[in-house]
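Q:
In this note's numbering, the protein residues as written are 706 to 1681.
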């Protein structure tokens, strides 16, 4: 007998749950009893509370007497696992601890334990240079898998854990294949790689491995085809471009680099904490679901996403060994920290704080399996547009899977939700460019297990004193580290050939990484330049870094101007004008507007700037300044560009965003009332969109830029642009639930409209504020804004505007249970639309009236209004409006128990949304159809509809996917 008093027991988790005592297999009982055993095994001796076991097995809707049933399962498991335990003697294996239970790990072996051990040993072997031995161990580890892990088990915990285990297997498999490629076995592994890539076409790491294997086998053309196919799949299915690692590999393919020796290495996963990973997988909070015109607002969904927000690592990182060693010492050698660890990297501008933080985060990201979060807090941005903590929290919550409209208002509530979502998760969080402790404090997790990396020009003594941050001060690079940085970028032979000149360059750049990188970037473009000549040019150039060293953030002209003066006149002009753009980053089309050239021409100029390290392409097609370079460019445009030139550039920029935003809005809703726009007089080249997918993609990527653009327009005298741009964004922000954005931009827009004396502008802005307040459950504010908007539209004799406000008031009435008042407002809106001959507005109101009748319970009246609306939408050839109305029709028929007719309407609606390309609304209708199938006792059809809906939501990364998962889990539980 061992310390726990049991014979050796063996368990299999990497397939169906099975157990053996010696060589005799045990009968583990019903599925829910086996799910209890699996949960205890995965906890590795740590206790599991009764409530957690109930939630993990039955989810949010446990049966009556669930606790009694659970205790019965525990009793049976004790008898099964300890058959020789004397009657009346306490169990030494499955023990009671507090209000829960724990399975003593001594003498209990599992294939998962073996898998983790082999993977950890493989990591050690590889670190020691034994790649063949590491590959052999990983092959042994992967052979332990006997199919789907935890196959046949039910409950939220089993479902979530199964997903995590499958992900771990794929990661280890990718590591093994990567090692095989390093060993030159590309021919042997290519068939396996190809099959895996076909099974997981959205997994970029697998695509990288296939590309390398094909290239090394002399099949470069096939590799390029595979990349093109993968890129097309990512764009079509997810609306994203390939990541930086895959794009870098593609560039190497195009250059036909021999053997692709610079194939990016990825660190092997730390599997030692896999059992910890499943501790919190399982039950989540219940989210509501609404239909029709959106009376229901979903609550925070359980996290279903694993964010990966870190910027690309610097491939030629050099130096900082002391700081990296100190950073590594903050974490335990293995496993995960028992508290939240905060590393504070402080130092002057240009010292490389962000580069070090991102490099460190990439090195240890595999130890934080729930993902990575990154935000630039813009604490020292020259424009002064620092990020507020609430904005950063909202960004993080959405990345973690919370629906945008579920983010509460107010910093305290946002912080509470953020910390609740992070509880029990292990995430690495990089808070870059922080101004002060107050900006950082709300962004710190409350529960242990995360790593937070903060960078700031300030030592943030309050963060150290109040939150226990570990200071990691960053000074200038050492002389040898500076030379190493030059050698990494220019080649060791070139630097070693002129050591004195190299040291002179280091001195003239004051050993600052930013300055050294810029100088090295230009020098690399001219391999024939002698370092001595470069040093002489630097010495002769205007400006000095002395002031920069003495006063962080003031002057870096010496290094900057050397590269700036080498630019073509066109690129130099773009560099200066980019400082006029207020957003956190800029795309090529907006850059083209600033200088008045075509997008094709500006791409060449942007390439020139990034090649000189004066601009960074942080994501495909999106460019960003370092703060000091933005300040330098702003100084140059003030000196070199006359005020009329700058004003003309700003007008082109605001024209570009105003007209592009309206084109996007009309693409999303082609039948909405249009706001009169001025005749465009500049060559601003606004974008146009072929479909809703393109328009949505632009609005999504430009969301934060557009918020800044509205404020910038108001602050710089472009008031007409400010309110009209805000009005163009209401469709997108409303549908996606960005209510706080709506409040911000319409508050700014209202001030601009008042400054212009524009009655219409004020009315639209107040209408936008009213919608936002309604969605945020601020009924009194919403009522006041909408009534003021109605009065202004009346004074302007603006019928469609009045109808718009009546619909907003009706929506507010429905949200506050005033159905009769809602119908009165809808009647006013219909009369106004008909006076204008606006069939689309008329049809939209009929659909919303139908939904109101559903809320009242008068479903026959709802059917009549829906049929009228469908005929109008068909006359207009508006598939979006018809799809929405067919969904409402199905809902009414469902409530009349006419299930076959309801299903038929839902099918029509889903087909229309599918044709439009709106995956989210298609999935929403499929969920309604599943409800109708269930009501008709067709569980198979319901399951099929939900599975399709889930696949659609997962494709777009929507937080509502977890609601559908819960429905599917409930179906499985009921079936069991």
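Just so you know, even glycine gets a beta-carbon here, dropped at the ideal spot from N, CA and C.
Residue 1167 by DSSP, collapsed to three states: which one?
A: The three-state reading of DSSP puts residue 1167 in helix, counting H, G and I together.
Q: Got a sec, what are the start and stop residues for the alpha helix (DSSP H) residue 1139 sits in?
A: It is not in any alpha helix (DSSP H) - residue 1139 instead sits in the beta strand (DSSP E) that spans 1133 to 1139.
Q: Suppose you measure from the CA of residue 1451 to the CA of residue 1423; what does that come to, to the nearest Å?
A: 15 Å
Q: Could you give the DSSP three-state label for residue 1128: helix, strand or coil?
A: coil
Q: Which first and last residues belong to the alpha helix (DSSP H) in which residue 1380 is found?
A: Careful: residue 1380 lies outside any alpha helix (DSSP H) and carries neither H nor E.
Q: Return the bridge partner residues of residue 805 from the DSSP annotation.
A: 754, 802
Q: Return the chain-ordered list of same chain residues with a C-beta closer than 6 Å to the C-beta of residue 715, the five sequence neighbours on each side being excluded.
A: 725, 814
Q: Am I right that residue 1163 and residue 1141 are in contact with their C-beta atoms under 8 Å? What's the rounded C-beta distance?
A: 7 Å
Q: Specify whether the region 1065 to 1080 and the region 1113 to 1120 touch according to this definition: at least 3 beta carbon pairs, one from each stretch, less than 8 Å apart.
A: no
Q: Any idea which residues DSSP pairs residue 1329 with across the strands?
A: 1321
Q: Please classify residue 986 as buried or exposed, where buried requires at least 16 other C-beta atoms within 10 Å of its C-beta.
A: Reliability fails at residue 986, whose pLDDT of 31 lies under 50, so the model's placement of it is uncertain and the value that follows must be treated cautiously. Looking at its Cβ environment, which holds 16 or more other Cβ atoms inside 10 Å, residue 986 is buried.
Q: Extract the residue ranges of the beta strand (DSSP E) inside the region 1271 to 1326, only unbroken runs of 3 or more that lie entirely within it.
A: 1321 to 1324
Q: Rounded to the nearest angstrom, what separates residue 1489 and residue 1471 at their Cα positions?
A: The alpha-carbon atoms of residue 1489 and residue 1471 are separated by roughly 9 Å.
Q: Can you tell me where the beta strand (DSSP E) with residue 1079 in it begins and where it stops?
A: 1077 to 1081
Q: Measuring straight from C-alpha to C-alpha, what distance separates residue 1595 and residue 1609?
A: 8 Å
Q: Within its chain, find whatever has a CB closer than 6 Å to the CB of residue 827; leave out the 5 residues flanking it on each side and keep chain order.
A: 839, 842, 843
Q: Look up residue 815 in the DSSP assignment and give the residues it is bridged to.
A: 716
Q: Using only the alpha-carbon positions, how far apart do residue 1028 and residue 880 sit?
A: 28 Å
Q: What residue does the alpha helix (DSSP H) around residue 1521 start on, and which one ends it?
A: Residue 1521 -> no alpha helix (DSSP H), and no H or E assigned at all.
Q: Considering only residues of the region 1173 to 1197, which uninterrupted beta strand (DSSP E) runs meet the minimum length of 3 residues and lie entirely inside it, listed in chain order?
A: 1175 to 1178
Q: How big is the Cα-Cα spacing for residue 1273 and residue 1347?
A: 19 Å
Q: Taking buried to mean at least 16 other C-beta atoms within 10 Å of its own C-beta, is residue 802 buried or exposed?
A: exposed
Q: State the start and end residues of the unbroken alpha helix (DSSP H) segment that holds residue 1628.
A: Secondary structure note for residue 1628: its alpha helix (DSSP H) is the uninterrupted segment 1624 to 1640.
Q: Distance check for residue 1299 and residue 1276, CA to CA, integer angstroms please.
A: Distance from the CA atom of residue 1276 to the CA atom of residue 1299, rounded to whole angstroms, is 12 Å.
Q: Check whether the Cβ atoms of residue 1159 and residue 1136 sit closer than 9 Å, and answer yes or no.
A: yes
Q: Around the C-beta of residue 760, are 16 or more other C-beta atoms found within 10 angstroms, so that it is buried, or is it exposed?
A: buried
Q: Take residue 1409 as the anchor and find which of 1646, 1644, 1287 has the nearest alpha-carbon.
A: 1287
Q: Residue range of the beta strand (DSSP E) that residue 725 falls in?
A: 723 to 726
Q: Quick one: Cα of residue 1419 to Cα of residue 1537, how far?
A: 32 Å
Q: Please identify the residue among 1350, 901, 1056, 895 whose C-alpha is closest to the C-alpha of residue 927.
A: 895
Q: Relative to the C-alpha of residue 756, which residue among 750, 768, 736 is closest?
A: 768
Q: With DSSP as the reference, identify every bridge partner of residue 1621, one or two as the case may be.
A: Its beta-bridge partners do not exist; DSSP assigns none.
Q: Return the bridge partner residues of residue 659 from the DSSP annotation.
A: Residue 659 lies beyond the stretch modelled for the chain, which goes from 706 to 1681, so this question has no answer here.
Q: If you reduce the DSSP assignment to three classes, tell me which class residue 1160 lands in.
A: strand
Q: State the beta-bridge partners of residue 1454 as determined by DSSP.
A: Answer is none; residue 1454 lacks a bridge partner.
Q: Excluding sequence positions up to five away, which residues of its chain have a Cβ less than 6 Å from the Cβ of residue 1081?
A: 1137, 1138
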